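Residue numbers (our numbering): 25 to 628.
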């Protein structure tokens, strides 16, 4: 008995948790074969819809194995992946009892069901319940095993017998079964020793990884965009050349409690906007190549975060989401915050919250009211109502963002500089209709743009709308009161209809500085069109345009857009699309502009 216990205890209980991985690597070494390891990377968007929740983050680590002889880069990378897979399986041991403890790792079979050892182990399994990993809780006695698979099952029985003895239930263990176990141990001593040695190595590697891992709370979510784009038209075509541009975002997502998330996003790019011919002069007249730039046709990947558009790396977003009780969520942005970070835009498939998989243009992505102001501040989402009947639980959103939060100078700072305060009521009617009513009050210093997303890429750079709608007084400050409605309707799983309208009342602090602006649009999206994950989108509307100004054109600038996102794989999509602009710069005398874009998005 003592000899049996000593031999049993020599095999560490940790062996049981790692027998599968060890048997896999052992047979791979014997057969000189290579497994193809695939990984699935999850994405987390910059913000979720109002009903969505922020998930806990996972840990991603890397390591390099030191070998006695030089290896190629591919060999080192493959070794790292296999080690990480082993560590992951080892750490998840015992969490899912529905997973088989013994699985086939080779087509070669060394222990047949007719062998004495096979039958002896099967008897032990049935008597002591050694292997509980199979769904039916029984040992499969109708298939041949490799010697390493058999050793894994034997080790499980050794561990079970040790457990029974340690819990003072040794009377349940029969002497003849102990003798059988001893004989089996002697027969498979080489395999058990191999398992023990490989587990020791694996535990050492695990300790090294834990000591050198990047973080236990942070994961990286990245997006890279390659875009080939050009603008066409009689005059517009002469003022543009075909360009190949890029934008890259690396988002470090950190969770401290499993329910909160801190976003630290680095960004860069070189995507300059195309000249759509809607620029104006100081008198508001439509002309080409002037300082007052139009944001009509502004594309989402033009939001690079780098004001110089020269691939300089910047911290373009730093924000924290945290739940407050069961009915509220707090959002705090230290830099780069925009209203669509925390407010539901109700524009599914056109708005993807990162600009690489939805609509091509900033106009088709979301209601322009969310582009007023941005920067640093806080917001609160509060759920209310039980939602009986047709009306589902609703929510109230309150937010405040300042565009000059770090400047202590006169007329700057959080409260004295440019800012925008938002209030929004969100309603869900049934399971397929959502509605949001939005109000934004803004303060804008002299020379600002109304739709500047908080001074994105410079205080005077608008990201949507005509120059007339954006050109606030250059000499005096202004305030604005904006009202918007956004709605989304999904009659079936294969079609989504959404739209918005916004009205903006601008009051300048000087004479003749007052004006009004309107913007509206609607679209139809066909998800899974042609293939699961693909999206066909059609959108039309009027980009924000000014009325009531003493000078300047007064035509309505129409925007038509079509795109088709083709999902090449889980991490790659290709989106060809066309944007057609009529009366750019609110002037029908300007040539219509056509923008063609081929966007490729890599997510990782």
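Note that the Cβ used here is the ideal one computed from N, Cα and C, for glycine as well.
Remember, it's a predicted structure, so these values are computed and weren't measured experimentally.
- Taking the Cβ atoms as the reference, residue 246 lies roughly 13 Å from residue 270, outside the contact range of under 8 Å.
- In the displayed model, residue 502 falls within a strand according to three-state DSSP.
- For residue 347, there is no enclosing alpha helix (DSSP H); the residue is part of the beta strand (DSSP E) that begins and ends at 338-348.
- In the three-state reduction of the DSSP assignment, residue 365 falls in the helix class.
- Between residue 277 and residue 359, the alpha-carbon positions lie close to 15 Å from each other.
- With contact defined as three or more Cβ pairs closer than 8 Å, the region 341-351 and the region 505-514 are not in contact.
- When the five nearest sequence neighbours on each side are left out, the beta carbons in the same chain lying within less than 6 Å of the beta carbon of residue 445 are those of 424, 465, in order along the chain.
- With a 10 Å radius around the Cβ and a threshold of 16 neighbouring Cβ atoms, residue 365 comes out buried.
- Boundaries of the beta strand (DSSP E) harbouring residue 419: 418-426, taken from the DSSP string.
- In this structure, 261 is the residue among 177, 146, 621, 261 with its C-alpha nearest to the C-alpha of residue 299.
- A Cβ-Cβ contact shorter than 9 Å links residue 375 with residue 383.
- Around the beta carbon of residue 534, fewer than 16 other beta carbons lie within 10 angstroms, which makes this residue exposed.
- Residue pairing of residue 278 in beta bridges, as defined by DSSP: 242, 286.
- Residue 605 has its alpha-carbon roughly 14 Å from the corresponding atom of residue 621.
- Looking at the DSSP output, residue 256 bridges to 618.
- The beta carbons of residue 388 and residue 492 sit no closer together than 9 Å.
- Less than 9 Å separates the beta-carbon of residue 397 from that of residue 443.
- Note that the region 507-527 touches the region 539-556; at least 3 beta-carbon pairs, one per stretch, sit closer than 8 Å.
- Contact between residue 617 and residue 321 is confirmed by a C-beta separation of about 7 Å, below the 8 Å threshold.
- With a cut-off of 8 Å on Cβ pairs, the region 553-569 is not in contact with the region 283-292, counting fewer than three such pairs.
- Linking residue 561 to residue 588 through their CA atoms gives a straight-line distance of about 6 Å.
- By the CB criterion at 9 Å, residue 401 and residue 441 fall outside the cutoff.
- Taking C-alpha positions only, residue 510 is separated from residue 228 by approximately 56 Å.
- Pairing residue 268 with residue 251 gives a Cβ-Cβ distance under 9 Å.
- For residue 545, the enclosing beta strand (DSSP E) stretches over residues 539-551.
- Rounded to whole angstroms, the gap between the alpha carbons of residue 628 and residue 289 is 14 Å.
- In this structure, residue 274 lies away from residue 295, with their beta-carbon atoms at least 9 Å apart.
- DSSP places residue 148 inside the alpha helix (DSSP H), whose first and last residues are 140-152.
- Counting the other CB atoms within 10 Å of its CB gives residue 234 a total below 16, which places it among the exposed residues.
- Around the beta carbon of residue 226, 16 or more other beta carbons sit within 10 angstroms, so the residue counts as buried.
- Linking residue 134 to residue 176 through their CA atoms gives a straight-line distance of about 14 Å.
- Contact between residue 461 and residue 448 is confirmed by a C-beta separation of about 7 Å, below the 8 Å threshold.
- Contact between residue 623 and residue 325 is confirmed by a C-beta separation of about 7 Å, below the 8 Å threshold.
- One alpha carbon belongs to residue 171, the other to residue 187, and they sit about 24 Å apart.
- Taking the Cα positions, residue 603 is about 17 Å away from residue 327.
- According to the DSSP assignment, residue 406 belongs to the beta strand (DSSP E) that extends over 399-408.
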